[in-house]
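Chains as they are written, first to last, in our numbering: chain L, 2 to 124; chain W, 9 to 395; chain G, 9 to 395.
Just so you know, even glycine gets a beta-carbon here, dropped at the ideal spot from N, CA and C.
Here is the structure we will look at.
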Amino acid sequence: MYSEKVMDHFTNPRNVGEIENPDGVGQVGNPSCGDIMKITLKIEDNVIKDIKFKTFGCGAAVATSSMVTEMAMGKTIDEALKISNKAVAEALDGLPPVKMHCSNLAADALKAAIEDYLKKQQA
Amino acid sequence: MRKVYFDHSATTPVDPAVAEEMMKYLTEHFGNPSSIHAFGREARKAVEHARQQVATAIGASHVGEIAFTSGGTEADNMAIRGVAYANRHKGNHIITTAAEHHAVLSTCKQLEKEGFAVTVLPLDQYGQVTAQQVADAITDKTILISVMHANNEIGTIMPIKEIGQVAKERKIIFHCDAVQSVGKIPVNVDELGVDLLTISGHKIYGPKGIGAMYIRKGTFWQPITYGGGQERRRRPGTENVAGIVGLGKAIELATERMQSEAERLTRYRDRLISEVMAKIPHTILTGHPTNRLPNHVSFCFRFIEGESMLLMLDMKGIAISSGSACTSGSLEPSHVLTAIGLPQEVAHGSLRLTMGKDNTEEDVEYFLEVLPPIIERLREMSPLSEG
Amino acid sequence: MRKVYFDHSATTPVDPAVAEEMMKYLTEHFGNPSSIHAFGREARKAVEHARQQVATAIGASHVGEIAFTSGGTEADNMAIRGVAYANRHKGNHIITTAAEHHAVLSTCKQLEKEGFAVTVLPLDQYGQVTAQQVADAITDKTILISVMHANNEIGTIMPIKEIGQVAKERKIIFHCDAVQSVGKIPVNVDELGVDLLTISGHKIYGPKGIGAMYIRKGTFWQPITYGGGQERRRRPGTENVAGIVGLGKAIELATERMQSEAERLTRYRDRLISEVMAKIPHTILTGHPTNRLPNHVSFCFRFIEGESMLLMLDMKGIAISSGSACTSGSLEPSHVLTAIGLPQEVAHGSLRLTMGKDNTEEDVEYFLEVLPPIIERLREMSPLSEG
Ligand SMILES: Cc1ncc(COP(=O)(O)O)c(C=O)c1O
Ligand SMILES: Cc1ncc(COP(=O)(O)O)c(C=O)c1O
Ligand code: FES
Ligand code: FES
Chain L
2 MYSEKVMDHF TNPRNVGEIE NPDGVGQVGN PSCGDIMKIT LKIEDNVIKD
52 IKFKTFGCGA AVATSSMVTE MAMGKTIDEA LKISNKAVAE ALDGLPPVKM
102 HCSNLAADAL KAAIEDYLKK QQA
Chain W
9 MRKVYFDHSA TTPVDPAVAE EMMKYLTEHF GNPSSIHAFG REARKAVEHA
59 RQQVATAIGA SHVGEIAFTS GGTEADNMAI RGVAYANRHK GNHIITTAAE
109 HHAVLSTCKQ LEKEGFAVTV LPLDQYGQVT AQQVADAITD KTILISVMHA
159 NNEIGTIMPI KEIGQVAKER KIIFHCDAVQ SVGKIPVNVD ELGVDLLTIS
209 GHKIYGPKGI GAMYIRKGTF WQPITYGGGQ ERRRRPGTEN VAGIVGLGKA
259 IELATERMQS EAERLTRYRD RLISEVMAKI PHTILTGHPT NRLPNHVSFC
309 FRFIEGESML LMLDMKGIAI SSGSACTSGS LEPSHVLTAI GLPQEVAHGS
359 LRLTMGKDNT EEDVEYFLEV LPPIIERLRE MSPLSEG
Chain G
9 MRKVYFDHSA TTPVDPAVAE EMMKYLTEHF GNPSSIHAFG REARKAVEHA
59 RQQVATAIGA SHVGEIAFTS GGTEADNMAI RGVAYANRHK GNHIITTAAE
109 HHAVLSTCKQ LEKEGFAVTV LPLDQYGQVT AQQVADAITD KTILISVMHA
159 NNEIGTIMPI KEIGQVAKER KIIFHCDAVQ SVGKIPVNVD ELGVDLLTIS
209 GHKIYGPKGI GAMYIRKGTF WQPITYGGGQ ERRRRPGTEN VAGIVGLGKA
259 IELATERMQS EAERLTRYRD RLISEVMAKI PHTILTGHPT NRLPNHVSFC
309 FRFIEGESML LMLDMKGIAI SSGSACTSGS LEPSHVLTAI GLPQEVAHGS
359 LRLTMGKDNT EEDVEYFLEV LPPIIERLRE MSPLSEG
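So this is what it looks like as structure tokens:
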């Protein structure tokens, strides 16, 4: 059902948790399916210095969350904003078709966290 | 790694004694029961022997009241649509419950599209309906009542006998899906007062792809598939002889060991329920605490999602299931969990553990050891958890 | 006593290699393919492998075009009623032939009761229809053509490719019952131009109670039973995993040995036909003399009745069948024999001999030795015989 990469990220999720006093917080959820992803960021000089996630959801939801944190870590904000849900799925060697829409929200959570950071900067 | 199969409500391994019987009818006595030569007669004898085994197991008075089908789903379809079409002249109203399997509910939904009216009775918090609810729903157009004996997801046993009395008094045909109860708790068609009953082979250590429909003599009914005259013109198609032989043997064996197994598994069940509830906070027992299948344990763990639990248990060698949306492929959590009043996010954390004849006390202990750290780990990951 | 099984059109023994594969999925890898744990995934893999084997055998471009069923009868029901109901808005006319199996004809008869119009094309003396007959029967209400590939009773092969061309030109959905042809003569869905195709396991050394329906991508169709979402929502019910595995293996093996077996059995067939015709007077070959299944021989012997012949041959260890009324349990001789123009009393004397992979030249010789005295004896007993 799941690729080896998905199972790897599910079994050993990277960057689980919540950063204290984060620079940005993003939470997205899909009410129809019930998965919720929360990403917290530490940003210095426009670069993501630390990123952590918390996820309520299936194996695919956990794996995409983990993968997106790995992909975003160390990237500039502009680079990180370019990460798409599709790119996350591809980095995991694909997801089962039924999971494509519902569990594949990690990039959205990342985007929400960055936008939250940018909003705070403006304020 | 230890392997523990705890998903007997999904399916069971074929009992070696059953497989051995089947093997003979696959290779050696392979005839078509409709053939009149020696090969055919041998096959016919085996089919009729199995029919007797099924009739005996459920207390049917006439062996001809049993028709073999390709499984529980087909038997449910046959029972419900067969009664509906044959009794259309009398009325168009069907009563069923929110606890039923998709094989019943989807069939009823289809009948609604065809002009029938369906009342789906709501469940109480334990997943039960009462005979009074059924009685109150009856109108002068009611032609069929269909209520399952025991629920596959939460294990709750329905008051079939009481509903059977109502059906008899009001002279309404009564169907019962006994797929989960046969072989686990006593099922006697006369005591329960049912007119049609659904049985499936693969839930009782028989093969998949075989089932049976009991239909009481004199019940108004018509076939729903068309072809040869097999099964007394009730169900066309060359008989699945090996499967039928397997179902016959399986139901006989299940009946033999039923009482001792029920006692043994009830002990495991009650230990599992009390220890899990004690060890893991924010846990909800789903289904009735005592009036449930002896082998059936089901919970919802708050703040976490079923599929993740399943995958982690699977990595520890434990095979188990969940009614979570993410495992169903349908994006919606189990209709039964919703019908007993659980909010969606709670239903997502459901877990079902169903034991069988090869499980031991050690399996139970292994599970009790493995589960808590998994729940803890997933809750640590969860944004919903209070920490 | 020598035992000769000559009734392979009725059913076949399960190939030992097939039975062995099945056994693994009954006892060891017994999971439910819908379960996401290791047991379930193992079963899922096996089901999808078998689907690929079937797709490959019939040249289907997409593996998802195969849906497993409980046999040929269910596949015929699914194909015909599924197309009829889904295309009702376009028209209500169905074309089929007098040669079809009951699974097709009774289904069409039922559809007539439901408001569909059915044209049953008459057969020529060999049991064939022409593409022209089909073309002429098409109206602007025609939504389905259903013609079998090879007939079970008389072995005649239909011009499916030509009919497929007509169907394509006129844009009408084309179903073909290939139960008797698959594994015996080439069956390629694209070459034949069919949109739906019926397959049954037990005619090709697979188990009884399993079949498959091919349905070309894009074909307007709807399911006819209701329940879980199995088989891509085409056919609900827990998959008969062992049966599916058996069908996959069986169709693969049948395809491998098809050509050599066809050559070998055609030799036996032609020897049987010529020697029986030469040795026994008042004999009619039924079906086409050459354009027939390689393993299929069928006659009518005047003045005698099929069941008596069968019983006498059975006492000599030969298992064979007849389209006689007395063997069918229906008091009417085979509709196919009547449709090719045989008078009832001649049809009564029908005999069908269908060979298979374990038959040898010695079996053929034994039959040729045993048959004539039996016919003679029965004719001596017959008041119809001229003496
Ligand atoms: C209560 C109930 N009814 C019907 C069925 C369907 O039976 P089958 O899988 O044999 O089609 C099942 C199991 O899947 C079930 O649990
Ligand atoms: C031509 C044909 N179609 C359909 C069937 C029905 O197949 P099954 O016996 O698998 O239901 C048969 C055999 O009985 C057959 O010969
Ligand atoms: S969280 Fe529901 S399918 Fe992934
Ligand atoms: S002669 Fe007896 S059934 Fe036909």
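Query, Result
"Pair within 8 Å by beta-carbon distance, W/G245 and G/H110", "no"
"Supposed close pair W/P24, G/T35 - CB separation, criterion 8 Å", "6 Å"
"heavy atom of ligand 1 below 7 Å from G/D198 C-beta", "no"
"Span of the beta strand (DSSP E) around G/C116", "Not the beta strand (DSSP E): G/C116 falls in the alpha helix (DSSP H), residues 110-121."
"Per-residue burial, G/A175 [other beta carbons within 10 Å of its own, 16 or more giving buried]", "buried"
"Span separating the alpha-carbon of W/L283 from that of L/Y3", "For the sequence presented, residue 283 of chain W should be read as Glu rather than Leu. Roughly 32 Å separates the two Cα atoms."
"Interfacial residues, the segment 227-239 of chain G to chain W, with Cβ spacing under 7 Å", "T233, Y234, G235, G236, G237"
"Distance cut-off 7 Å: W/S330 Cβ against heavy atoms of ligand 1", "no"
"Close Cβ partners of G/I88 (< 8 Å) along its chain, the five nearest in sequence each way excluded", "I102, V112, T115, C116, L119, L152, S154, H183"
"Nearest to L/I1 (by Cα), restricted to the options L/T65, L/N47, L/A92, L/H10", "Lying before the first or after the last residue shown, residue 1 of chain L is absent from chain L, which here runs from 2 to 124."
"Ligand 1 heavy atom lying under 7 Å from the CB of W/N248", "no"
"L/S104 CB to nearest heavy atom of ligand 3 below 7 Å", "yes"
"DSSP state of L/K121 mapped onto helix, strand, coil", "helix"
"Alpha-carbon spacing of W/S306 relative to W/L280, whole angstroms", "10 Å"
"Of the listed residues G/G79, G/Q61, G/I44, nearest to G/G217 (C-alpha basis)", "G/G79"
"Per-residue DSSP class, three states only, for L/G27", "strand"
"Within 8 Å, strictly: CB atoms of W/S330 and W/G314", "yes"
"Chain-ordered chain W contacts of G/P130 [CB-CB under 9 Å]", "Neighbours of G/P130 on chain W: none; closest Cβ ~22 Å, over 9 Å."
"Any C-beta of chain G under 8 Å from that of W/P215", "yes"
"Inter-residue Cα distance where the pair is W/M363 and W/V372", "9 Å"
"Which listed residue (G/G163, G/T164, G/I168, G/T150) has its alpha carbon closest to that of G/A180", "It is Ile, not Ala, that sits at residue 180 of chain G in the sequence shown. Of the listed residues, the one whose Cα sits closest to G/I180 is G/T150."
"Distance cut-off 7 Å: L/D79 Cβ against heavy atoms of ligand 5", "Ligand 5 is absent from the structure shown, which contains only ligand 1, ligand 2, ligand 3 and ligand 4."
"Close beta carbons around W/S396, own chain, < 6 Å, minus the five adjacent residues each side", "Since the displayed chain W opens at 9 and closes at 395, residue 396 of chain W lies outside it and no answer follows."
"Partners in chain G for W/A46, counting only beta-carbon separations shorter than 7 Å", "D322, A327"
"Closest Cα partner of W/G325 within the set W/T298, W/R360, W/V202, W/F375", "W/F375"
"For G/M156 and G/I171, the rounded distance between their alpha carbons", "11 Å"
"Secondary structure, beta strand (DSSP E): runs of 3+ residues fully inside the segment 147-216 of chain W", "150-154, 181-185, 204-208"
"Spatial neighbours of G/L200 in its chain, beta-carbon cut-off 7 Å, leaving aside the 5 residues before and after", "I168, K169, G172, C184"
"L/G58 CB to nearest heavy atom of ligand 3 below 7 Å", "yes"
"Any 3 or more C-beta pairs closer than 8 Å across the segment 15-22 of chain G and the segment 28-46 of chain W", "yes"
"Cutoff 6 Å; reference L/I84; Cβ partners in own chain excluding five residues on either side", "M72, A108"
"L/V17 at chain W interface by Cβ criterion, 8 Å", "yes"
"Nearest to L/G18 (by Cα), restricted to the options L/K39, L/V7, L/D9", "L/K39"
"C-beta neighbour in chain G for W/P244, strict 8 Å", "yes"
"Heavy atom of ligand 2 within 7 Å of G/V187 beta-carbon", "yes"
"Whole-Å CB distance - L/K53 paired with L/N16, under 8 Å assumed", "5 Å"
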